[in-house]
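For reference, the structure is listed below as structure tokens.
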Amino acid sequence: MTPRIVVTPTRALIDQPLQLSAYDLMPKQSVTIKAQTTDDTGAIFEASALYEANQDGNLHLASTAPLSGSYKGIDAEGLVWSMERIGKKHGDYFNKQNAEPLTYSFTLEDSSGKLLDTAHVHRKFYDDTVKRVPVHEAELVGTLFHPDTVQAFPGVIVVGGSDGGVNEHAAALLAMKGYSVLSLAYFGTEGVSKDLENIPLEYFQKATLWLKAHDAVDNTVSLIGYSRGGELALLLASTYDEYQSVIAGAPGAYVTSGLRNTIYAPIPAWTQQNAPLPYLKFTYTAKHFLNIGKSILTRKPFSFLPIWSVSQAKATDLDAIRIPVEQVNAPLLTIAGEKDECWPSADYARMVQHELHGKRTDNKHLYYDEGGHFLAFPYGLPGMPTSTYMHVGGGMIMDFGGTKKGNADAARETWRYVQDFLFEHTKKTSLHYS
């Protein structure tokens, strides 16, 4: 018998669990299985692990822990979420924004490195039951995904974080669950500001009203934001009473400064009625610059938490820049990782929870002990490689925190919470929901 590697389903949505098995091996034979894929930039990500077949010469990742390798413990998708970029110390950020499918390649090798078999699977974010509509109208930029029927569905706006651009892949996946989803760009792509600087809140209000009036939308709009987008979601929901529900992942609790060339700068991120909103100034000290230099020389990931701590300590009036979340009139879900090294999102989420205590019974606040910054929709999705570090240029490696397993576990669990929360608060009866 010829050894075989079997991965199912071969074509499916990204959030559908994979099952990987090997058959027709020798009893108790040791084999290596490798997984590989590429991100939007063409960077190659890979994971591998050594396994032992059972007495029948078969191997099932859903019930077998690796002897060694990229991950530990029993996990059917361990080879997927543990992938790291080839040739990069500490791995790298898995860059995914477009909605094109991912292809995962798996190889089965014996102890000498001889190739025994290969398998390929294709993971989609949407199919032909969902329509993709580029949006360049009413001064808005983004992409709308909605079920390709005459029925109107609950609307959702998704806003990303400091990477800018449009998170099409996540919007497409959510549309597959029976929503009309606008992934809205607000900086960092053609047609909008180059930098996160002086972005009018009215832009988002216009997008909300535009989506509400769309034929594919049932006149309700929910809001999902992540990281700086989480800050933005809370700011918008505390300013405009337009949202059916709000989800803020890795959120901020203060209005923070803008970005210029991806670097925090003493400029306002947001304006309202042409006036800049007061913000928390990102304060570097000589010690911070020294630590950044050491990080670059030693190739060790750098955490921004000390800078946030000093910035808050030096602020003269934190209450003036706090997002007034007590004014949010929609049910709110916050999601944060206790090991976020990008900014203290778990502390910020607790601030939000404290301010909203007793206000309504349908708010939910989720915290993950091993979670970092990228642990939930739209940046942390099940069935994808997880990210804990990012090579940002100049030899600097940013630490986004958490463990790869912690982020993977959180991504799987929070995706269910996100769907359930939206379902509950949009009172939707779509057959797409699963």
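With full-length UniProt numbering, the residue at position 313 of the sequence shown is 313, and numbering never jumps.
Just so it is clear, CB atoms sit at the ideal spot from N, CA and C, and this is done for glycine as well.
Treat the numbers as computed from the prediction; the structure is a model and nothing was measured.
Rounded to a whole number of angstroms, what is the C-alpha to C-alpha distance between MET390 and THR403?
14 angstroms
On a CA-only basis, which of PHE153, GLY229, ALA265 and PHE204 is nearest ALA216? Give me that one, please.
PHE153
Give me the Cα-Cα distance between ASP241 and GLY73, rounded to the nearest whole angstrom.
46 angstroms
Just to check my reading of the structure: PHE377 and TRP343 have Cβ atoms closer than 8 angstroms, yes? What is that Cβ distance to the nearest angstrom?
Contact doesn't hold; Cβ gap of about 19 angstroms is too wide.
If you run the structure through DSSP and keep just helix, strand and coil, what is ASP347?
Reduced to three states, the DSSP call for ASP347 is helix.
Go to SER311, then tell me how far its alpha helix (DSSP H) extends in each direction, as first and last residue.
305-314
Cβ of ALA49 within 7 angstroms of Cβ of PRO27?
no
Completely contained alpha helix (DSSP H) runs for the region 357-434, where each covers 4 or more residues
404-426
Taking the straight line between their C-alpha atoms, what separation do you get for THR38 and ARG360?
44 angstroms
Nonlocal neighbours in the same chain, by C-beta distance under 8 angstroms from SER434, ignoring five residues either side
Unreliable positioning characterises SER434 in this predicted model, as indicated by a pLDDT of 40, which lies under 50. The coordinate reading is nonetheless provided below. Contacts found: LYS177.
Please list the terminal residues of the continuous alpha helix (DSSP H) segment that includes LYS34.
LYS34 -> not in any alpha helix (DSSP H); beta strand (DSSP E) instead, spanning 30-38.
Return helix, strand or coil for SER193, following the three-state DSSP convention.
Strand, per DSSP.
Taking only the alpha-carbon atoms, compute the straight-line gap between THR173 and TYR126 and give it to the nearest angstrom.
Contrary to the premise, residue 173 reads as Leu rather than Thr in this sequence. Straight-line Cα distance between these residues: approximately 6 angstroms.
What does the Cβ neighbour count give for LEU235, buried or exposed, with the cut at 16 atoms within 10 Å?
buried
Look at the alpha carbon of GLU186 and the alpha carbon of ALA12, and state the distance between them as a whole number of angstroms.
Sequence check: residue 186 is Tyr here, not Glu. If you take the alpha carbons of TYR186 and ALA12, they lie about 31 angstroms apart.
Distance, Cα to Cα, residue 478 vs SER222?
This structure does not reach residue 478, given that the chain is present from 1 up to 434, and the question cannot be answered.
Rounded separation between GLN327 and ILE247 - CA only
15 angstroms
Report the rounded CA-to-CA distance for ALA207 versus LYS364, giving the unit in angstroms.
For ALA207 and LYS364, the distance between alpha carbons rounds to 26 angstroms.
What do you reckon, are the CB atoms on VAL159 and GLY229 nearer than 7 angstroms?
yes
Bounding residues of the beta strand (DSSP E) (the contiguous stretch that carries ARG123)
Note, ARG123: beta strand (DSSP E), 115-124.
Burial state of ILE321, where buried means 16 or more other Cβ atoms lie within 10 Å
buried
Relative to the alpha-carbon of ALA76, which residue among ARG260, SER162, TYR243 and PRO382 has its alpha-carbon at the smallest distance?
PRO382
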